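J.:
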Amino acid sequence: MRSRILILRRLALSLVLVTASLPSLARGQVRIPSAALADVAELESIFRVGDQLEQERRWGEALTHYERARKDHPGRQEIEHRLTVARFHYEVVRRYADTSFLEAVRTIGEQGALDLYGEVLLKIQAHHVQRPDWNQLLGHGLTAVEVAFAEPSFRRQHNFNVSAGSSQPLFSEIRQHLDSQPAFSRHDASQRVDEISELFEQRFQLPAAVTVAEFACAAAASLDDYSAFLTGNQLDDVLSQIEGNFVGLGIELKAEDQALRIVSVIPGGPADHGGIQCGDRIVEVDGQSTRDISTDKAADLLKGADGSLVDLVLLDRRGEERRLRLARTRVDVPSVDNVEIVDKDFGIGYFRLTSFQKTTSRDVDGALWKLHQQGMRSLIIDVRGNPGGLLTASVEVADKFVSQGDIVSTRGRSSVEDVDYKAHAVGTWRVPLIVLIDGDSASASEIFAGAIHDHHRGTLVGTRSYGKGSVQGIFPLSVANAGIRLTTAKFYSPSGQPISHRGVEPDVEVKASEQTLVAKPIDDLLPIADPHHDPALTASLQIARQQLTQR
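In terms of the numbering used here, the sequence shown has 374 at position 374, counting the first letter as 1, and numbering is strictly consecutive.
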C-alpha cells in the first residue's frame, strides 16, 4: 500500500512540474488539468480494487482486472508488476490442483527437474519470438518461488511452515548474488537455479525439485501473455482442442456460486443423451460436493478414461435436484454451429464459427453447401467470441472467399517463422459476405477478419477485435509429462498491418454498449441469431438486404 501511495504522489508531483510554466492563477497557484487528476484518481481506483481482489485471493479476477488496466494505461510499471504477480499466483493455484503436475513433482527428482528446466530454456532459446534475457528469467523465477511460498495449496502440499519474514533475508541475499553474477547463457541460468534450489533445501528443507519446477514454470510464463508451461493434463486439453475432440461428457462449464453451471451441451455427447440442459448446475461429482473442493478440482473429477463412469448431482433451473450416472466417451466438438437461412425472402445465410481447429475447413464446407442448397444469396459469418485456434485453419477458411493475394504473413526471430500464406483461386465462393466481430474475436479469428477486410471481400460489423497478433507453438517436453506453449512469431494482415495490440477495425461499428449478444439460447426461447435482440446482426441484415437490392 505504501509503494502505491508513493507512486501516486510521484504522479501528482510530475503533473505539477509539467504545468509549472502555465500562466499563474491568483496568488501564484497552478491548476492541474482535470484530465490528469482524473487519471490519478482512476489509477488509485485500479489499485484499490486490485488490493481487495488480492486480499480475497481471487487471482483469476485480479489477473483479468490488471490486464484490463494495462490496456487502458500502457507502460505503467506498477500495473505490469501486479499483473505478473497475479499471473504467478493464479498459475500456482491451478498447478497445485492438477494431479498430473503433483505426480511429476513427486517423482521427477532433483536431476530430473534440472533436466526439465534445461529443456525449457533450450526451447525458449530456439523458438521464442524474442531473444531471451536470462537474468530477467531468473528474476521472474525467484518472484514465482516467493509467490508459491505464500500460497496455501503449495504450503499444504509440501508441509512448508516457513514464515514470510524468515524467508525474506534469503530472497534478498539471492537477488544480490544474481545482480553480482549475471547469467550470459542458458547454461549459466541452469547453474544459478541449481545453486538456488540447494540453498532453499538447506535452509528450509524444501526439496530442490520443487524449487526448480517453479523456475521452469516461470521461465515460460514470464515471456509474454500467451507463453506458458503446460502440465500433462493441460497439454492433453490443448491437443484435444486442436484435434476437435476429447474424452468427456460433452459440456462447457462456468464456475458459479460454488457450483459448475452448464453453459453449453454438445449435441450427441453423453450429457446430451442424459438430458442435461444449459443452465443446469453440477453440485456434486462422485460424492464430492462442489462446495468443499475448488472448481478446478471438480472439473478435474469430470475427466477420465473412455468408457469410465461418473456420478453427478445436478440442480435444474427450478432448483430441483436429480442424480445421474454418465459414461465418458470421445466427443467431437463442432467448430461451426447454427447454420440457417435467417432471412428467407432475401436468402441471407448465417453461421457461427466458434473456433479454428483441424475439422474447421470441413465443417465450413458442409455449412456452405447446406446454405447453398437452401437458396443462399448472401452470407453472414459470426466470429464474435471466437478465441482463435489453428493458424492454418483460419487461412483455409479465408481462402474459400479470397481468390488471390496474401491472407496473412508471419514474422519471427527465426527465418523459419517468416511465411506468407496466399490465396488460391480454385474453389472460391463469391457470395456477398458480412463478418461479425467483437472484442473477444482473437488470434485466428483476426487473421480471417483481417484478410476479408484488407481484400475488400466483405463488410466487417461489430466492434474492434481483441488484438492478439501472435502465433504460438506447442512443444511437448521429453523429460516429464508436460509441455510449453511459446510465442514464435507475430502475424500481419495482407496490407502489412500488425494485429498485435491493435486488432481489426469493423467497417460498420456497433458498440458493445449498444448490443446484447445472444451467444446461447436463453430458456430455450431465443434462437442464437435473433435480430430483435442482437443489434449487430440487425445491422448486418440491413447491409445484406441493401447489397442484394443494388445488385
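Backbone N, C-alpha and C fix where the C-beta goes; we use that ideal spot for every residue, glycine too. Given the structure is predicted, the values throughout are model-derived calculations rather than measurements.
1) Mind checking E214: buried by the 16 CB within 10 Å criterion, or exposed?
2) Does the beta-carbon of D311 have 16 or more other beta-carbons within 10 angstroms, so that it is buried, or is it exposed?
3) Check for me: the alpha helix (DSSP H) holding S197 runs from which residue to which?
4) Can you tell me which of V313, V333, H177, L230 puts its alpha carbon nearest to the alpha carbon of G248?
5) Fully enclosed by the stretch 455-504, which beta strand (DSSP E) runs are 3 residues long or longer?
6) Cα separation between L138 and D343?
7) Applying the 10 Å Cβ sphere with the 16-neighbour rule, what's the burial state of H65?
8) Where does the unbroken alpha helix (DSSP H) through F101 begin, and where does it stop?
9) Do R305 and V283 have their C-beta atoms within less than 9 Å of each other?
10) Quick one: any contact between the stretch 94-114 and the stretch 453-465, if contact means 3 or more CB pairs under 8 Å?
11) Can you find the residues in the same chain that come closer than 6 Å, C-beta to C-beta, to A216, ignoring five residues on each side of it along the sequence?
12) Determine the DSSP secondary structure at F346, reduced to helix, strand or coil.
13) Between D420, V313, Y90, V431, which lies nearest to G274 when the distance is taken from Cα to Cα?
14) Just to check my reading of the structure: Q357 and L390 have Cβ atoms closer than 8 Å, yes? What is that Cβ distance to the nearest angstrom?
15) 9 Å is my cut-off, CB to CB: does G405 come that close to chain C?
16) If you compare alpha carbons, which of A444, D363, T329 is closest to F491?
17) Bridge partners of N245, per DSSP?
18) Between which two residues does the alpha helix (DSSP H) containing V395 stretch?
19) Could you check which residue in L326, K71, G75, F401 has the C-alpha nearest to that of S361?
20) I want to check one thing, is the minimum distance from the CB of E103 to the heavy atoms of the ligand ADP below 8 Å?
21) Rounded to whole angstroms, how far is the Cβ of P593 from the Cβ of A451, which I believe are closer than 8 Å?
22) Could you give the DSSP three-state label for I543: helix, strand or coil?
23) Would you mind working out which of Q546, L379, S185 sits nearest A126, comparing C-alpha positions?
24) Can you name the start and end residues of the alpha helix (DSSP H) that S166 belongs to?
25) How far does the beta strand (DSSP E) with K370 in it reach, from first residue to last?
26) With which residues is R58 paired in a DSSP beta bridge?
27) By the 10 Å Cβ neighbour count, where 16 or more other Cβ atoms means buried, how is N386 classified, buried or exposed?
28) Can you tell which of G250, V285, V383, E446 has the C-alpha that lies nearest to the C-alpha of I407?
29) Cα separation between S264 and G279?
30) If we count the other Cβ atoms within 10 Å of its Cβ and call it buried at 16 or more, is Y421 buried or exposed?
31) Which same chain residues end up closer than 7 Å to D39 when comparing Cβ atoms and leaving out the 5 residues on each side of it in sequence?
32) So, with DSSP's three-state summary, where would you put Q77?
33) Please classify A305: does DSSP put it in a helix, a strand, or coil?
34) When you compare each of D316, D237, D72, I79 to D98 by their alpha carbons, which one comes out closest?
35) Can you tell me the Cβ-Cβ gap for F101 and T211, rounded? I've got them flagged as a contact below 8 Å.
36) Exposed or buried, what is T549 when buried is set at 16 or more other beta-carbons lying within 10 Å of its beta-carbon?
T.: Short version:
1) The residue is buried, with at least 16 neighbouring Cβ atoms inside 10 Å.
2) Label assigned to D311: exposed.
3) For S197, the enclosing alpha helix (DSSP H) stretches over residues 186-204.
4) The residue with the shortest Cα to Cα distance from G248 is V333.
5) Segments of the beta strand (DSSP E) lying fully in the stretch 455-504: 458-462, 470-477, 482-492.
6) Going by the C-alpha atoms only, they are around 59 Å apart.
7) Flag for H65 reads buried.
8) 99-127 is the extent of the alpha helix (DSSP H) around F101.
9) In the sequence as displayed, the identity of residue 305 is Ala instead of Arg. Going by C-beta atoms, A305 is not nearer than 9 Å to V283.
10) The stretch 453-465 and the stretch 94-114 do not touch, with fewer than three beta-carbon pairs separated by less than 8 Å.
11) Excluding residues within five positions, the ones whose Cβ falls inside 6 Å are L116, Y117, V120.
12) Of the three classes helix, strand and coil, the one that applies to F346 here is coil, per DSSP.
13) Nearest of D420, V313, Y90, V431 to G274, Cα basis: V313.
14) With 8 Å as the limit, Q357 and L390 qualify as a contact, their Cβ atoms being about 6 Å apart.
15) Chain labels in this structure do not include chain C; a single protein chain is all it has.
16) A444 is the residue among A444, D363, T329 whose C-alpha sits nearest the C-alpha of F491.
17) N245 is bridged by DSSP to D332.
18) Start and end: 391-399.
19) The candidate whose alpha carbon is nearest that of S361 is F401.
20) Absence of the ligand ADP is noted for the structure shown, with no ligands found whatsoever.
21) Residue 593 lies beyond the stretch modelled for the chain, which goes from 1 to 551, so this question has no answer here.
22) Shown here, I543 sits in a helix according to DSSP, grouped into three states.
23) Looking at the Cα atoms, S185 is the closest of the given residues.
24) Looking at the DSSP string, the run of the alpha helix (DSSP H) that includes S166 is 164-180.
25) Here K370 belongs to no beta strand (DSSP E); instead the alpha helix (DSSP H) covers 360-373.
26) For R58, which the question treats as bridged, DSSP gives no partner whatsoever.
27) Under this definition N386 is a buried residue.
28) Looking at G250, V285, V383, E446, the one whose alpha-carbon comes closest to that of I407 is E446.
29) The straight-line gap from Cα to Cα measures roughly 9 Å.
30) So Y421 counts as buried.
31) Within the same chain, D39 has no close Cβ partners at all.
32) If DSSP states are grouped into helix, strand and coil, Q77 belongs with the helices.
33) If DSSP states are grouped into helix, strand and coil, A305 belongs with coil.
34) For the residues D316, D237, D72, I79, the minimum Cα distance to D98 belongs to D237.
35) Contact between F101 and T211 is ruled out by a C-beta separation of about 15 Å, above the 8 Å threshold.
36) Burial call: exposed.
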